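In the numbering used here, the protein residues as written are 2 to 106.
Below is the structure:
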């Protein structure tokens with residue numbers, strides 16, 4: 002296996018983002034068209050980012066990138082290659098992660 006952790010921490014590729022109240026190094030990109038197709042149809046119109054880092058994040062963690070808040074929704078463990086890949090969706094505060102849905106009357 003090729004460990005690309007060196008690239009994930011290389012200042013030519015990475016930047017600092019805020020996650021869980023602390024700054025971490027990560028490579029951040031917007032999702033490709035193929036990656037967008039893996040998302041549920043109702044989520045595809047929202048802004049998503051891909052985060053490659055060697056730091057540990059959990060699902061539903063808040064991440065701040067370019068002044069916007071994102072929530073981690075997917076995780077892929079590429080630990081054999083020296084990093085983990087996360088997908089985060091833009092969170093505007095209107096969405097509720099534990100919504101009880103609509104009340105029927």
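No residue lacks a Cβ here, since even glycine has one placed at the ideal position from N, Cα and C. These figures come from a predicted structure and were not determined experimentally.
- prompt: If you measure from the beta carbon of residue 67 to each beta carbon in chain C, is any gap under 8 Å?
  reply: Among the protein chains of the structure shown there is no chain C, as only one such chain exists.
field: Limits of the beta strand (DSSP E) - the one that residue 35 falls within
entry: Sequence index remark: in the chain shown, residue 35 carries index 34 (1-based). Per DSSP, residue 35 belongs to no beta strand (DSSP E); it is in the alpha helix (DSSP H), 34 to 38.
task: Quick one: residues in its chain with C-beta nearer than 6 Å to the C-beta of residue 32, no 5 flanking neighbours on either side, listed in chain order?
output: As a position in the chain shown, residue 32 is number 31, starting the count at 1. Only 49 and 51 meet the Cβ criterion.
Separation of residue 36 from residue 17, as counted between CA atoms: The residue given as residue 17 occupies position 16 in the chain shown. The residue given as residue 36 occupies position 35 in the chain shown. Taking the straight line from one Cα to the other gives about 23 Å.
field: Top-ranked residue by Cα proximity to residue 41, from 105, 90 and 59
entry: Indexing the chain shown from 1 puts residue 41 at position 40. Considering only alpha carbons, the answer is 90.
message: Going by DSSP, what residue range makes up the alpha helix (DSSP H) through residue 7?
response: Counting from 1 along the chain shown, the entry for residue 7 is found at position 6. Its alpha helix (DSSP H) spans residues 6 to 9.
message: Among the candidates 86, 78, 55 and 65, whose CA atom is the shortest distance from the CA of residue 22?
response: Residue mapping note: residue 22 aligns to position 21 of the chain shown, counting from 1. The candidate whose alpha carbon is nearest that of residue 22 is 65.
Ranges of the alpha helix (DSSP H) found wholly within the stretch 12 to 74, counting only runs of at least 4: 34 to 38
message: Rounded to the nearest angstrom, what separates residue 82 and residue 9 at their Cα positions?
response: Indexing the chain shown from 1 puts residue 82 at position 81. Indexing the chain shown from 1 puts residue 9 at position 8. Spanning the two alpha carbons is a distance of roughly 10 Å.
- request: Would you check if the distance between the CB atom of residue 55 and the CB atom of residue 6 is smaller than 8 Å?
  value: Within the chain shown, numbered from 1, the residue matching residue 55 stands at position 54. Within the chain shown, numbered from 1, the residue matching residue 6 stands at position 5. Cβ distance < 8 Å, so residue 55 and residue 6 count as in contact.
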